[in-house]
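Protein chains in written order, with the working numbering: chain A, 4 to 110; chain B, 51 to 163. Each residue gets a CB set at the ideal place from its N, CA and C atoms; glycine is no exception. One structure below.
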């Protein structure tokens, strides 16, 4: 069965420290994976997708098929990165969502 | 900008009431979705629709129904609200079946007392 797992409900790091938000998936076939972000009092929005291999707001995510992971990384965290982050898998014309990780950046 | 508008930001209803949550999108998207968002559980799909008058159950449809009489509007109905349905409800739309770029509404925080 298709599944997305985000093992950390909460991640707290200091400003300037590296950030890694973990995402593991279960999927038979070639996965299409995404990260969505929800800042406080704002709408959920697409952050990045693995196909485009782009860097948005300094975040990158690499698909590792061997480890079935799609971890979100940023080398130097900023206070404005504090938000809720969701990993999602596109399957059967829908998105399958992880439970989300709340990222808190401490000053 | 694609806009997905949810009619209410906050709603308080009594147990047993029939509740309507409205969602309207203005970019001619084919797909519309209703989710509930709960801490530690992420987004859970309630119902979705790929076309007018078409609906399909998601992962947690019990206690809910939907209506899509027009392409731009997707309504979520709680037939008899219960306290377990207290949650944040998110509406989303996407262009078509192959589109993964969802546009979300700002959400409706429903409290059932």
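In the three-state DSSP reduction, residue 94 of chain A falls in the strand class (E or B). Per DSSP, the unbroken beta strand (DSSP E) holding residue 141 of chain B starts and ends at 137-144. Residues of chain B whose Cβ lies closer than 7 Å to the Cβ of residue 6 of chain A do not exist, since the nearest Cβ in that chain is about 11 Å away. The beta carbon of residue 154 of chain B sits closer than 8 Å to some beta carbon of chain A. Take the alpha-carbon of residue 37 of chain A and the one of residue 84 of chain A: they are about 17 Å apart. Considering only A:104, A:10, A:66 and A:23, the residue with the shortest C-alpha distance to residue 75 of chain A is A:23. Among the residues of chain A, those whose CB is under 8 Å from the CB of residue 98 of chain B are 97, following chain order. In the three-state scheme derived from DSSP, where H, G and I count as helix and E and B as strand, residue 23 of chain A is classed as strand.
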